[in-house]
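Asker: Here you go, one structure.
Numbering (our numbering), first residue to last: 3 to 298.
Rendered as structure tokens:
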């Protein structure tokens, strides 16, 4: 029953979570920290920080991690399926319905409207997390300095630089606050900090195989999921460079616009591309591409 609840909760979010990764963070926090208390603020902040360092879609990883904390590995899988399924279906249906290259006349208007809605959602999530995590001058200064750095020098290098700098400053000057949060948080099992070598080895092996099997669609999408940090829009250049010749430019741009318009993870653009690349079996192609890009 617990895993069915996880599936239902994430399916509901997958149907309504517009706005991309930044907005999803706010949806997750409200649903699982504030409303249902599946985890506390400290645990949520640690998972969020960790997911920023991993390749692939950060919001999907965060949802998977929340599901794992709630119901083990099966709970993580149910969380992933629930959150990803709605956008997967929408993107695949769109690819098959517009296979002649024409998009509905109302589509771009819907995209613009949802972008405006996403601005409000992201702003609300940012303000809520600022109030929760920036309760003294040093975290406030780190927050404002990070925002300024990313506005002036946007890019992956800046993201990693500010994350590492904030981690160093936090380790040096915020030890007492971290210890207080740790003591206040529910105790976890003693094995929670161990490295899980089996999935790590599986990731490395599949990545090496993807480098040698250049002709398979699964390998291409797996490489994209393994090499892209930051999630959302960051994956688009890599997908375009890998499949720009096989997918017409207007078709790719249509999929990109749709990925912004639909709820759930933007990485389900892979479902659209997979269906477009395998017109004889679009649903199978969409499934292979989606599994490939999310699996890392």
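Note that CB positions come from ideal geometry on N, CA and C, so glycine has one too.
Taking the straight line between their C-alpha atoms, what separation do you get for residue 90 and residue 292?
Answerer: Approximately 8 Å between the Cα atoms of the pair.
Asker: Would you be able to state if there are at least three C-beta pairs under 8 Å between the stretch 248 to 265 and the stretch 60 to 68?
Answerer: Output reads no: the stretch 248 to 265 does not touch the stretch 60 to 68.
Asker: Could you tell me which residues DSSP pairs with residue 231 in its beta bridges?
Answerer: DSSP lists 57 as partners of residue 231.
Asker: Just the Cα atoms here: how many angstroms apart are residue 10 and residue 62?
Answerer: Each residue's Cα considered, the two are about 16 Å apart.
Asker: Does residue 42 come out as helix, strand or coil in the three-state DSSP assignment?
Answerer: Looking at residue 42 - three-state DSSP - the assignment turns out to be coil, as it is neither helix nor strand.
Asker: Take the Cβ of residue 159 as the centre, count every other Cβ of all protein chains shown within 10 Å, and call the residue buried at 16 or more, exposed below.
Answerer: Its Cβ having fewer than 16 others within 10 Å, residue 159 is exposed.
Asker: With residue 229 and residue 100 assumed to form a contact (beta carbons below 8 Å), what rounded beta-carbon distance in angstroms separates them?
Answerer: That belief does not hold up - the Cβ atoms of residue 229 and residue 100 are roughly 29 Å apart, past 8 Å.
Asker: Helix, strand or coil for residue 263? Go by DSSP, reduced to three states.
Answerer: If DSSP states are grouped into helix, strand and coil, residue 263 belongs with the helices.
Asker: Work out the CA separation of residue 77 and residue 5 for me, nearest whole Å.
Answerer: Their backbone Cα atoms lie some 5 Å apart in a straight line.
Asker: Suppose you measure from the CA of residue 25 to the CA of residue 122; what does that come to, to the nearest Å?
Answerer: Near 9 Å, if we compare the C-alpha coordinates of residue 122 and residue 25.
Asker: Drop a sphere of 10 angstroms on the beta-carbon of residue 39, count the other beta-carbons inside from all chains shown, and report buried for 16 or more, exposed for fewer.
Answerer: So residue 39 ends up on the exposed side.
Asker: Return yes when the Cβ of residue 296 is within less than 8 Å of the Cβ of residue 2, no when it is not.
Answerer: Any question about residue 2 goes unanswered here, given that the chain covers just 3 to 298.
Asker: Would you give the residue range spanned by the alpha helix (DSSP H) that residue 144 belongs to?
Answerer: First-last of the alpha helix (DSSP H) with residue 144: 139 to 154.
Asker: In whole angstroms, what separates the C-alpha of residue 82 from that of residue 271?
Answerer: Between residue 82 and residue 271, the C-alpha separation is close to 16 Å.
Asker: Would residue 299 be called buried (16 or more neighbouring beta carbons within 10 Å of its own) or exposed?
Answerer: Since the displayed the chain opens at 3 and closes at 298, residue 299 lies outside it and no answer follows.
Asker: Can you tell me whether residue 193 is buried or exposed, with buried defined as 16 or more other CB within 10 angstroms of its CB?
Answerer: Because residue 193 sits at a pLDDT of 49, beneath the cut-off of 50, its placement in the model cannot be relied upon, and the point is left open.
Asker: Quick one: what does DSSP say residue 13 is sitting in, helix, strand or coil?
Answerer: The answer is helix: DSSP assigns residue 13 an H, G or I state.
Asker: Find out if the Cβ-Cβ distance for the pair residue 55, residue 165 is shorter than 8 Å.
Answerer: Yes; because the gap between Cβ atoms is below 8 Å, this pair is in contact.
Asker: First and last residue of the alpha helix (DSSP H) that includes residue 278?
Answerer: Run containing residue 278: 271 to 279, per the alpha helix (DSSP H) assignment.
Asker: Secondary structure at residue 197, three-state DSSP: helix, strand or coil?
Answerer: Looking at residue 197 - three-state DSSP - the assignment turns out to be coil, as it is neither helix nor strand.
Asker: Measure the alpha-carbon distance for residue 72 versus residue 8 and round it to whole angstroms.
Answerer: Cα to Cα, the separation comes out at about 8 Å.
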